[in-house]
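Note sheet for the following structure.
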């Protein structure tokens with residue numbers, strides 16, 4: 006499956022929340038996510054545009070591989086996510102195993118996320134209002150679709166974004182933004 | 006923790022089973038294990054003497070990394086095993102994720118295993134009577150111990166092996182034996 010996704014800067018979270026409710030979007034989850042990103046020993050994921058992360062949502066853990074983005078605008082990419090056993094000990098065990106394999110921790114992205122669902126054109130969109138520590142507020146619109154429906158899914162995403170008045174596209178990942186911030190801070194110290 | 010382990014060829018499984026019962030060993034499990042071994046994209050585990058495998062015991066799945074052996078005689082090595090969610094679908098998801106990371110399936114080792122426990126010199130030994138498909142019958146004696154107790158653990162293993170009349174040490178892993186067999190078969194076809 007393909008994760009077709011587009012992200013926008015969010016100036017006014019409250020206003021967007023109201024627009025979502027007006028558009029009959031359903032709030033399906035409200036949670037904190039903490040992502041530990043790893044880099045590979047055989048290639049630099051920053052260069053190959055891949056990602057491997059351990060995500061924690063409360064006690065739940067997930068291991069996710071993301072393939073290179075198909076295009077820079079929509080950030081569409083292959084996503085392979087596998088649930089792991091719950092709890093901090095299990096999370097640490099997986100990180101340890103990857104460390105033995107030569108993977109190195111890069112950075113952690115922490116955010117509060119509200120997830121809304123909305124149906125359009127035969128797809129279910131997930132709309133995530135994110136407040137990312139040290140990064141800021143953004144909204145991600147996402148459809149998980151078979152590869153052959155990429156174009157239709159992308160068009161629906163842009164149509165819904167227009168409907169919600171979103172226009173400041175952000176094509177960097179939160180990890181890229183966080184690392185960019187770290188570099189800038191490092192430069193002025 | 007260190008997995009201190011020694012393996013012997015087994016000529017007569019029934020006779021050893023009787024000796025274990027005479028020595029008050031406890032049969033703690035009897036099961037089928039299926040191990041899918043993977044090789045890394047950045048190094049050849051056959052050369053570095055490491056291993057990464059997905060083990061299935063019934064519906065249960067475990068991911069295991071094994072570090073290089075400390076010495077060829079006892080096969081002692083670092084072992085990092087993490088439980089994964091149960092079921093065939095979860096097993097396939099993990100294999101798929103590692104495939105995306107560049108890992109390649111090498112071979113599968115399937116065996117029937119009887120696990121006995123016996124206490125000696127402050128350690129609990131696991132004694133595994135293995136019938137390995139395409140390989141044969143072997144017995145593994147194992148102690149999981151902190152690194153600083155390596156010498157004591159190794160000496161206990163050899164003492165118990167002597168007590169059980171075992172003397173034909175086998176220092177190859179089942180995977181090495183299986184791959185060795187495959188090469189020989191390939192050569193005569």
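Residue numbers (the numbering used here), protein chains in the order written: chain A, 6 to 194; chain B, 6 to 194. By construction, the Cβ of each residue, glycine as well, lies at the ideal position given by its N, Cα and C atoms. Just so it is clear, the structure is predicted and the values come from calculations on it, not from any experiment.
CB contact below 8 Å: residue i versus chain B
i: residue 194 of chain A; result: Only weak support exists for where residue 194 of chain A lies, its pLDDT of 33 falling under 50; the coordinates are left without a value.
i: residue 178 of chain A; result: no
i: residue 102 of chain A; result: yes
i: residue 72 of chain A; result: yes
i: residue 68 of chain A; result: yes
i: residue 10 of chain A; result: no
Proximity test, Cβ basis, 8 Å: residue i and chain A
i: residue 190 of chain B; result: In this prediction, residue 190 of chain B has a pLDDT of 42, which is less than 50 and means its spatial position is unreliable; nothing more can be read from the coordinates.
i: residue 7 of chain B; result: no
i: residue 75 of chain B; result: no
i: residue 19 of chain B; result: no
i: residue 99 of chain B; result: yes
i: residue 105 of chain B; result: yes
i: residue 95 of chain B; result: yes
i: residue 57 of chain B; result: yes
i: residue 184 of chain B; result: no
i: residue 152 of chain B; result: no
Residue from the options whose Cα sits closest to the Cα of residue i
i: residue 167 of chain B; options: B:9, B:21, B:7; result: B:21
i: residue 78 of chain B; options: B:67, B:36, B:159; result: B:159
i: residue 68 of chain B; options: B:162, B:120, B:11, B:41; result: B:41
i: residue 115 of chain A; options: A:36, A:7, A:6, A:122; result: A:36
i: residue 66 of chain A; options: A:16, A:98, A:144; result: A:98
i: residue 124 of chain A; options: A:145, A:111, A:29; result: A:29
i: residue 80 of chain A; options: A:148, A:104, A:153, A:184; result: A:148
i: residue 24 of chain B; options: B:155, B:132, B:175; result: B:132
i: residue 245 of chain B; options: B:82, B:175, B:157, B:76; result: With chain B running from 6 to 194 in the structure shown, residue 245 of chain B is simply not present.
i: residue 75 of chain A; options: A:96, A:156, A:19; result: A:156
i: residue 96 of chain A; options: A:126, A:64, A:185, A:82; result: A:64
i: residue 19 of chain B; options: B:173, B:143, B:151, B:172; result: B:143
i: residue 128 of chain A; options: A:185, A:172, A:151; result: A:151
i: residue 172 of chain A; options: A:7, A:17, A:6; result: A:17
i: residue 126 of chain B; options: B:154, B:92, B:7, B:169; result: B:154
i: residue 34 of chain B; options: B:92, B:108, B:117; result: B:117
i: residue 105 of chain B; options: A:105, A:110, A:82; result: A:82
i: residue 73 of chain B; options: B:185, B:7, B:170, B:169; result: B:7
Whole-Å CB distance - residue i paired with residue j, under 8 Å assumed
i: residue 84 of chain B; j: residue 101 of chain B; result: Between residue 101 of chain B and residue 84 of chain B the Cβ distance is about 24 Å, and since that is not below 8 Å, they are no contact.
i: residue 119 of chain A; j: residue 130 of chain A; result: Contact doesn't hold; Cβ gap of about 14 Å is too wide.
i: residue 38 of chain B; j: residue 62 of chain B; result: 6 Å
i: residue 47 of chain A; j: residue 46 of chain B; result: 4 Å
i: residue 183 of chain A; j: residue 112 of chain A; result: 6 Å
i: residue 15 of chain B; j: residue 134 of chain B; result: 7 Å
i: residue 32 of chain A; j: residue 103 of chain A; result: Not really, about 34 Å apart at Cβ, beyond 8 Å.
Exercise. If you measure beta-carbon to beta-carbon, which residues of the region 77-93 of chain B are closer than 9 Å to chain A?
Worked result: 83, 85, 86, 87, 88, 89, 90
For this session: Check distances from the C-beta atoms of the region 31-49 of chain B to those of chain A and list, in chain order, the residues that come in under 9 Å.
Result: 45, 46, 47, 48
For this session: Evaluate the contact criterion for the region 134-148 of chain B versus the region 168-180 of chain A: three or more CB pairs, one atom per stretch, below 8 Å.
Result: no
Exercise. Does the region 50-67 of chain A come close enough to the region 84-94 of chain B that 3 or more CB-CB pairs lie under 8 Å?
Worked result: no
Exercise. Pairing CB atoms from the region 147-163 of chain A with CB atoms from the region 8-15 of chain A, are three or more of them under 8 Å?
Worked result: yes
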